[in-house]
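Participant: The structure is given below, and queries will be raised subsequently.
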Amino acid sequence: MQTIRNSATDEDLLRRFIEGDETAFVALMRRYKEPITTYTFRFLGNYDDAVDVAQETFVRLYRFAHTFIGEVKFSTWLYTIASNLARTELKRYRRRFGTSLSAAFSIGDNEAVWDIPDETYRPDEQVDRTRIVQDVQKALMSISPTYREMVVLRDLQQLTYEEIALITNTEMGTVKSRINRGRTQLQDLLRPLYKEVFPFLDE
Amino acid sequence: MMNTLPSIEPPEDFERNVHIRSLLSTLPGVTPPGTFEQDVLRSARRSGVKIPILIATIAAIGISFGIWWFTSQPNNVVVHKGPEIAVPTSVVVPPVSTVVPPVAAPASSTKKKRIVRKPHGVAGH
Chain L
3 MQTIRNSATD
13 EDLLRRFIEG
23 DETAFVALMR
33 RYKEPITTYT
43 FRFLGNYDDA
53 VDVAQETFVR
63 LYRFAHTFIG
73 EVKFSTWLYT
83 IASNLARTEL
93 KRYRRRFGTS
103 LSAAFSIGDN
113 EAVWDIPDET
123 YRPDEQVDRT
133 RIVQDVQKAL
143 MSISPTYREM
153 VVLRDLQQLT
163 YEEIALITNT
173 EMGTVKSRIN
183 RGRTQLQDLL
193 RPLYKEVFPF
203 LDE
Chain F
2 MMNTLPSIEP
12 PEDFERNVHI
22 RSLLSTLPGV
32 TPPGTFEQDV
42 LRSARRSGVK
52 IPILIATIAA
62 IGISFGIWWF
72 TSQPNNVVVH
82 KGPEIAVPTS
92 VVVPPVSTVV
102 PPVAAPASST
112 KKKRIVRKPH
122 GVAGH
C-alpha cells in the first residue's frame with residue numbers, strides 16, 4: 003500500500019482524494035509539507051507564521067481539491083495557493099509594522115534595495131543553526147519581497163522559470179529579470195560572507 | 002576533422018550566480034512540527050462542517066430580515082375582509098324607467114336654400 007502511495011503521481015493521489023480516499027490526501031500532504039513549509043519560512047522569515055501558512059495551504063487543498071482542472075501540474079497549483087497565502091500574510095505584517103504596501107510590493111522592476119529593516123525574521127535555533135545560515139536568511143529578508151519570492155522559488159525550490167511565471171502570474175521575461183536583480187542585491191549583502199565560505203576566491 | 006561548432010561563452014554573471022546559489026543552498030529545509038498533519042485534518046474537517054452551518058445561519062437571518070422588512074413597509078396596507086351585507090333575494094327589482102328605446106330622427110321639413118353668389122363688381126367698372 004505504502005509503495006503504491008509512493009509511486010502514484012500527485013494527480014493520481016488528488017483524483018483518489020476527490021473520489022473520497024482521505025489517505026491519498028495524507029500522502030499528498032506528506033509529500034509536500036516540507037517543501038511548502040521551507041518555501042513559506044524562507045519567504046516570511048518567521049517559523050510560526052510559515053507553519054500556519056503551510057497548514058492553511060493544505061486546508062485549502064482539502065476543501066477545494068475538486069476545483070483542480072489539471073491545466074497545470076499539481077505542484078504548481080499547490081505552490082500558487084501557498085504563494086497567495088504567504089503574500090497575504092506579508093501584507094498583514096506590513097500593515098502591522100506600518101510600511102506602505104506600495105513599497106512592499108513594487109510593481110515595477112525598480113533597482114531600489116529593500117532597505118526597510120525586516121523585523122519578521124527571528125533566527126530560530128531549530129531552523130537556522132549556524133551563523134552563516136542565519137546571515138544568508140537575513141540577507142534574503144533584506145531584499146524586496148517581489149525578488150525574494152522568485153529567488154526562493156528558483157534557487158531553493160528548484161522550480162523552472164515557467165512554473166514560477168505561473169505561480170506568481172508574471173511574464174517569463176519579468177521573472178528572469180527579477181531573479182537576476184534579486185541575486186545582484188543578495189551579492190552585495192552577502193559579500194562579507196564570501197571569504198568565509200569561499201576562501202579560495204581572490205577578491 | 003575540424004570542429005565547426007563555436008565555443009559557448011558563459012555570461013558575465015556566471016560566477017556570481019554560482020556563489021549566490023551555493024550560499025543559498027546552505028539554507029536547510031524546514032521541518033514542520035509533528036502535529037502538522039493532525040492540525041491540518043482537524044481544521045479542514047471543522048471548516049467543512051462550519052460552512053453549511055454558516056450558510057444556514059445567514060439564510061435564516063436573511064429570511065427573518067426579509068419578513069420584517071416586508072411587513073414593516075407603511076405603503077403595504079393589508080385589507081381585511083369586512084362583514085358582508087346580506088341582500089334579500091325576495092325583493093322585486095322595479096323596471097328601470099330611464100331605459101328608453103331609440104327613436105328615429107324626424108325628417109327635415111324645410112328645403113335647403115341654394116345660395117347663389119353674385120359676382121362682385123370690380124371698382125371703377
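As they're listed, the protein sequences go chains L and F. The letter at position 200 of the first sequence is residue 202 when you use our numbering, and the numbering goes up by one with no holes. The letter at position 106 of the second sequence is residue 107 when you use our numbering, and the numbering goes up by one with no holes. From the three backbone atoms N, C-alpha and C, an ideal C-beta is built for every residue, glycine too. Computed from a prediction, not measured in an experiment: that's the story for all the values here.
1) How would you list, in chain order, the residues of chain C whose beta-carbon sits under 7 Å from the beta-carbon of L/Met31?
2) Considering L/Arg180, what are the terminal residues of the alpha helix (DSSP H) in which it resides?
3) Is there contact here, the region 167-182 of chain L with the region 52-62 of chain L, by at least three beta-carbon pairs under 8 Å?
4) What span of residues does the alpha helix (DSSP H) with L/Lys35 cover, start to end?
5) Provide the residue span of the alpha helix (DSSP H) that contains L/Ala141, from first to last.
6) Name the chain F residues that come within less than 7 Å of L/Val61, Cβ to Cβ?
7) Which value, in whole angstroms, describes the spacing of the CA atoms of L/Ile134 and L/Ala29?
8) If we count the other Cβ atoms within 10 Å of its Cβ and call it buried at 16 or more, is L/Asp2 buried or exposed?
9) Hey, quick one: how far does the alpha helix (DSSP H) through L/Gln57 stretch, first residue to last?
10) Does the region 6-13 of chain F come close enough to the region 178-185 of chain L to have 3 or more Cβ pairs within less than 8 Å?
11) Count the other CB atoms within 10 Å of the CB of F/Glu16; is the residue buried (16 or more) or exposed (fewer)?
12) Taking a contact to mean a Cβ-Cβ separation below 9 Å, would you say L/Asp157 touches L/Lys75 in this structure?
13) DSSP three-state call for L/Ser85: helix, strand or coil?
14) Should L/Glu198 go down as buried or exposed, given a rule of 16 or more other Cβ atoms within 10 Å for buried?
15) Quick check on the burial criterion: 16 or more other C-beta atoms within 10 angstroms. Buried or exposed for L/Arg89?
16) Assign L/Asn48 to buried or exposed, taking buried as 16 or more other Cβ atoms, counted over all protein chains shown, within 10 Å of its Cβ.
17) Once DSSP output is grouped into helix, strand and coil, what is the label at F/Arg115?
18) Rounded to whole angstroms, what is the Cα-Cα separation between L/Asp51 and L/Phe27?
19) Strictly below 8 Å CB to CB, what residues from chain L border F/Ile21?
Facilitator: Looking at the coordinates:
1) Of the protein chains in the structure, L and F, none is chain C.
2) Position 178 of the first sequence, counted from the first residue, corresponds to residue 180 of chain L. L/Arg180 -> alpha helix (DSSP H) spans 174-199.
3) no
4) The residue labelled residue 35 of chain L in the question sits at position 33 within the first sequence. Note, L/Lys35: alpha helix (DSSP H), 24-46.
5) The residue given as residue 141 of chain L occupies position 139 in the first sequence. From DSSP, the alpha helix (DSSP H) with L/Ala141 extends over 133-144.
6) Residue 61 of chain L sits at position 59 when you count from the first residue of the first sequence. Those within 7 Å of L/Val61 in chain F are Val41, Ser44, Ala45, Ser48.
7) Position 132 of the first sequence, counted from the start, is the residue given in the question as residue 134 of chain L. Position 27 of the first sequence, counted from the start, is the residue given in the question as residue 29 of chain L. Cα to Cα, the separation comes out at about 34 Å.
8) As shown, chain L starts at 3 and ends at 205. That puts residue 2 of chain L outside it, with no answer to give.
9) In the first sequence, residue 57 of chain L corresponds to position 55, counting from 1. 49-66 is the extent of the alpha helix (DSSP H) around L/Gln57.
10) no
11) Here the question's residue 16 of chain F lines up with position 15 in the second sequence. Result: exposed.
12) On the first sequence, position 155 is the one that residue 157 of chain L refers to. On the first sequence, position 73 is the one that residue 75 of chain L refers to. Their beta carbons are not under 9 Å apart, which means L/Asp157 does not touch L/Lys75 by this criterion.
13) Locating residue 85 of chain L in the first sequence gives position 83, where the first residue counts as 1. Of the three classes helix, strand and coil, the one that applies to L/Ser85 here is helix, per DSSP.
14) To locate residue 198 of chain L, count along the first sequence from 1; it is residue 196. Burial call: exposed.
15) Numbered from 1 along the first sequence, position 87 holds the residue referred to as residue 89 of chain L. It is buried - the Cβ of L/Arg89 has at least 16 other Cβ atoms within 10 Å.
16) Position 46 of the first sequence, counted from the first residue, corresponds to residue 48 of chain L. Buried, since its Cβ has 16 or more Cβ neighbours within 10 Å.
17) Reading the second sequence from its first residue, position 114 is the one you call residue 115 of chain F. Residue state, collapsed to three classes: coil.
18) Position 49 of the first sequence, counted from the start, is the residue given in the question as residue 51 of chain L. Position 25 of the first sequence, counted from the start, is the residue given in the question as residue 27 of chain L. Near 23 Å, if we compare the C-alpha coordinates of L/Phe27 and L/Asp51.
19) As a first step, residue 21 of chain F is located in the second sequence; it is residue number 20 there, counting from the start. Within chain L, the residues near F/Ile21 are Asp157, Arg185, Leu188, Gln189, Leu192.
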